[in-house]
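With numbering that gives the first Met the number 0 applied, the sequence shown corresponds to residues 0 to 481, in that order.
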Amino acid sequence: MSLAPEDATLSRDLARLAGLMDRPDLAEQFLHRARRQDPASVEIVNDLACAWCAQARFGEAIGLLQEALTADPSAALLWNTLGCVLFEQGDAAQSLVFFDEAIRLDARMHAAWFNRANARRAVGDPRGALADCEQAIALGADSAAQGAMYRYGRALALLTAGEVGAGWDAYAVRNEASYAGYVQHELAGQVWQRGRPLAGRRLLVVGEQGLGDEVLFASVIPDVARDLGAEGKLILAVEPRLAPLFRRSFPAAEVVAYETRLENARPVRCIRGVAPEDYDAWARMGDFLATHRRGIASFPTTPGGFLKADPTRVAHWSAVLAEFGEGPKVGVIWRSLMVTAQRQKFYPSLELWAPLFATPGVIFVNLQVGDSADEVAAIVQATGADVRSLPGLDLKNDLDDLAALSCALDLVVGPATATTNIAAAAGATAWFATTPDAWPRLGTAAFPWYPQARAFSGDKAYDWPGVMAAVAAALHAQLATP
């Protein structure tokens, strides 16, 4: 920059680098500089709007784009970005108008087709989303990473549409190095290939994705163990916090913890204490969904859960809860520990929980991970609810005890987080505040992984007022006491 102080392209490139480093605030500084250097650039305006969107400054981003589009209404790039900002703000239906306009102006803009696919899935149109994903793929991406993202989006569209088998087949894109969420495994030996027999084999199965997905995918472990048979051996490598719960749930397996580190900003997973000679082949846990969960009929139908909570800890928590007095005990969690500008739309705001907390006679148990004292105080002040926190319970790290507490509660309510997934997988009664485009629902009205769970969602994504009103009404009808 000292050699070329007026080079707007250089400033923009530095802003892109800052964005890749997840520093949109820093990107913004470079983009202001670039805009002074080249005030007529549509691309710089576009990038600045994206930087503001990444900081949840949606109104500023929309205003900037509207101003630029008034000056140049033919800029398809800006129409596309305006749709993206509205989508991230949680207004998927309105975003469709602007994606439509971007495509009308430039039918070869593959990014607009893919963005419209995401919006269509959010408004309950998975077939339209699938068609748009396929169009984006057919037009071709600008990079291998973008192409992998398009194919991953197609997999989610298939799953959301209920085309479960085809969805899992397409979901294999996550195992490609070009996929943004790819996890490299430092494992020697043969990778299990679909269709190869498992009877009598020694198989290492590695958990994947985030905690919630690792819990979901574990529903297939009993099927894999059955395929291995008495002569086979199953080694399960899971997230360290899940290891105690998985050891109890799958006693015939050898359960170990994997380790994950970052190299060049990409996750690398290794398993210490397991040598290559200890197994014949290894696989990712989700690889077996394509063979054992090809349709809704192949999911478990008997309530009870595939994870087994510690019965002595269930008894302990039952006794603790009984000391709170008469009335049903309902565990609540209202957000994930990690809420970014892009993720906040996935969680109903706390004020929308007020009708639920106003349910008479219910004692609420705080399952929120992280510091939530101020939020709990606000809930109590606004609704008069009886909300209890359990000192000494590490909700983030002691997932085994979380499963036991969940089973001791009468009900667990919240969005689809690791907490609610663990509760449901352990057989607890769970209600999910969710969206119609949540792919784990697999085109159904509930969550097929958990027969006893119930899902509440509107006709379109992020209709949180309607969703929470429905949850509150159900809670009143089922558990309210005079």
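Just so it is clear, CB atoms sit at the ideal spot from N, CA and C, and this is done for glycine as well.
Using the C-alpha atoms, what's the distance from Asp37 back to Leu392? 56 angstroms
Segment limits, alpha helix (DSSP H) that includes Gly127: 125-138
Would DSSP call Ala432 helix, strand or coil? strand
Between the CA atoms of Trp448 and Ala198 - distance to the nearest angstrom: 25 angstroms
Would Lys459 pass as a contact of Ala118 if the rule is Cβ separation under 8 angstroms? no
Just the C-alpha distance for His109 and Arg387, rounded to the nearest angstrom, thanks. 50 angstroms
Identify every residue that forms a DSSP beta bridge with Pro266. Leu261
Whole-Å CB distance - Tyr170 paired with Ala147, under 8 angstroms assumed: Incorrect: roughly 12 angstroms between the Cβ atoms, too far for contact.
Please report the residue range of the beta strand (DSSP E) in which Leu244 lies. DSSP places Leu244 outside any beta strand (DSSP E); the residue lies instead in the alpha helix (DSSP H), whose first and last residues are 242-248.
Between the alpha carbons of Leu351 and Val267, how many angstroms are there, rounded? 39 angstroms
From this set, Tyr461, Gly413, Ala50, Ala116, which residue's C-alpha is nearest Phe345's C-alpha? For Phe345, the closest of Tyr461, Gly413, Ala50, Ala116 by C-alpha to C-alpha distance is Tyr461.
Going by DSSP, which residues form a beta bridge with Arg387? Val364
Does DSSP put Arg283 in a helix, a strand or coil? strand
Determine the DSSP secondary structure at Phe533, reduced to helix, strand or coil. Examination of residue 533 is not possible in this model, given that the chain is present from 0 through 481 alone.
For Ile234, write down the residues that DSSP places opposite it in a beta bridge. Looking at the DSSP assignment, Ile234 forms a beta bridge with Leu203, Glu253.
So, is Val300 buried or exposed, given that buried needs 16 or more other C-beta atoms within 10 angstroms? As written in the sequence, residue 300 is Thr, which differs from the Val given in the question. Burial call: exposed.
Any idea what DSSP makes of Phe86, helix, strand or coil? helix
Distance between Tyr257 and Pro239 (C-alpha atoms, nearest Å): Just so you know, the alpha carbons of Pro239 and Tyr257 end up roughly 7 angstroms apart.
Test: Leu30 CB closer than 8 angstroms to a CB of chain D: This model lacks chain D altogether; it includes just one protein chain.
Check this for me: beta carbons of Val84 and Phe57, under 8 angstroms apart or not? yes
State the Cα-Cα distance for the pair Leu155 and Gly161, rounded to the nearest angstrom. 10 angstroms
Checking 8 angstroms against the spacing of the C-beta atoms, do Arg201 and Asp286 come in under that value? no
With H, G and I counted as helix, E and B as strand and the rest as coil, what does DSSP make of Gln451? coil
Using a threshold of 8 angstroms, state whether the C-beta atoms of Ser248 and Phe305 are closer than that. yes
Member of Pro390, Arg292, Leu408 whose CA lies at the smallest distance from the CA of Ala429: Leu408
Arg195 to Lys307, Cα distance in whole Å? 30 angstroms
Rounded to whole angstroms, how far is the Cβ of Ala33 from the Cβ of Ala55, which I believe are closer than 8 angstroms? The pair is not a contact, with the Cβ atoms about 22 angstroms apart (cut-off 8 angstroms).
Between the alpha carbons of Asp71 and Val44, how many angstroms are there, rounded? 12 angstroms
Could you round the C-beta distance between Val361 and Leu478 to whole angstroms and report it? I think they count as a contact, below 8 angstroms. Correct: roughly 6 angstroms between the Cβ atoms.
Neighbour-count burial assignment, Arg126, 16 or more Cβ in a 10 Å radius: exposed
Taking 6 angstroms as the limit between beta carbons, can you name the residues of its chain near Trp78, skipping five residues before and five after? Correct list, in chain order: Phe97, Glu100, Ala101.
Would you call Lys395 buried or exposed, if buried means 16 or more other Cβ atoms sit within 10 Å of its Cβ? exposed
Gly413 and Ile332: beta carbons closer than 8 angstroms? A Cβ-Cβ contact shorter than 8 angstroms links Gly413 with Ile332.
When DSSP labels each residue in this structure, what does Lys307 get in the three-state scheme? coil
Spatial distance of Arg440 from Ser10 (CA atoms): If you draw a straight line from the Cα of Arg440 to the Cα of Ser10, it is about 44 angstroms long.
Look up Lys395 in the DSSP assignment and say whether it is helix, strand or coil. coil
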